Amino acid sequence: MTGRICDEHGNYIDPNTPPPPISEKSPDDWTPYQNKTEFEAAELIFKEAQLSAGKTDKLLHIWGLTLAVHGDKLPFSDHQDLYDTIDVTPVGDIPWNSLKLQYNGEQPVACVSPWMNKPYGFWFQKPSAIAEGMLSNRDFDGEIDYDDIAKNEDACGAVFVPIILGSDKTTVSVATGQNDYWPVYLSIGNIHNNIQRAHCNAVALIVFLAIPKAPNCPSQTGLNPGVD
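Residue 180 in our numbering sits at position 165 of the sequence shown, with consecutive numbering throughout.
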């Protein structure tokens, strides 16, 4: 590794080249929603009320009947259309990704926990992209400390960035199937404490960890190993 500065395409550039300008989003741009009303409807149904898929469909059906007499259309045809729109919603220019994991180890002879045979989804954002976004946030100008590595010309612009992870020890009930998730948050140690305490985008949600549930099964030792 040479540490030479390059652009997003991997082409080497002059170290003194200023960063590209940050494009400002139009205040009327609610992509992928048609307008602010659609966004607020999605936020109310999914985030605030946390309606189930069935109740979402029922609400949209009733709403659609009132719009039909005026020749208007619903913002979302059903719960799946709503979820698909939310899934493609850009959040801070950093997309959410998902993967599924399933236990493939040894299982007990009796009282097999359901989680051992069930895949669980995990939703996450790329931690390095989150940290990069915090370092480039213009609202933090003058509120970020850089160590001696960044001042060393031989370091080719490198900087030490401590990563801070934590959880609020609460579960999040997601509307799609009422699954429970454990949220994990990230911040960086370069940001001043007063900014971190005020959050101000200095603390970001990066992971939803699925919570498998296990039944209460008697063990050979007489202890009860059943846990959530």
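In this text, a Cβ means the ideal position worked out from N, Cα and C, and glycines have one as well. Owing to the predicted nature of the structure, the values given are computational and were not obtained by experimental measurement.
Residue closest to residue i, alpha-carbon to alpha-carbon, out of the options
{"i": "V5", "options": "G25, K228, D22, V222", "result": "Residue 5 falls outside the range modelled here, since the chain spans only 16 to 243, and no answer is possible."}
{"i": "A144", "options": "G181, A68, Y98, N112", "result": "N112"}
{"i": "E147", "options": "T100, P177, D195, A68", "result": "P177"}
{"i": "P105", "options": "Q140, P123, G136", "result": "Q140"}
{"i": "M149", "options": "A219, F54, E168", "result": "A219"}
For residue j and residue i, the rounded distance between their alpha carbons
{"i": "L116", "j": "P110", "result": "20 Å"}
{"i": "A225", "j": "W197", "result": "6 Å"}
{"i": "T52", "j": "D154", "result": "28 Å"}
{"i": "Q193", "j": "S202", "result": "Annotation note: pLDDT 46 at Q193 (below 50); position unreliable, no value reported."}
{"i": "E63", "j": "A56", "result": "10 Å"}
{"i": "I179", "j": "N152", "result": "17 Å"}
{"i": "P1", "j": "D72", "result": "What is shown of the chain runs 16 to 243, which leaves residue 1 out entirely."}
{"i": "L59", "j": "R212", "result": "27 Å"}
{"i": "V103", "j": "P47", "result": "7 Å"}
{"i": "D160", "j": "A125", "result": "56 Å"}
{"i": "V242", "j": "W130", "result": "Any reading at V242 must be qualified, since the residue scores a pLDDT of 41, below 50, and its modelled position is unreliable; no value is offered."}
{"i": "V174", "j": "N205", "result": "10 Å"}
{"i": "D163", "j": "D22", "result": "25 Å"}
{"i": "N216", "j": "N209", "result": "12 Å"}
{"i": "P123", "j": "F223", "result": "28 Å"}
{"i": "F134", "j": "W45", "result": "A small correction: the amino acid at residue 134 is Pro; Phe does not occupy that position in the sequence shown. When rounded, the distance between both Cα atoms is 34 Å."}
8 Å contact criterion, which residue i and residue j should meet: CB distance rounded
{"i": "L74", "j": "L66", "result": "7 Å"}
{"i": "H207", "j": "E158", "result": "5 Å"}
Legend entry - Contact between the region 90-103 and the region 26-45 (3+ Cβ pairs under 8 Å): Cβ pair count under 8 Å is below three, so no.
Inset, instruction - Identify every run of the alpha helix (DSSP H) within the region 83-136, keeping only runs that are complete inside it and at least 4 residues long; order them along the chain. - result: Counting only runs of 4 or more, we get 94-102.
Inset, instruction - Kindly confirm or deny that the region 22-29 and the region 59-79 touch, where touching means at least three C-beta pairs closer than 8 Å. - result: Per the Cβ contact rule, the region 22-29 is not in contact with the region 59-79 (fewer than 3 Cβ pairs under 8 Å).
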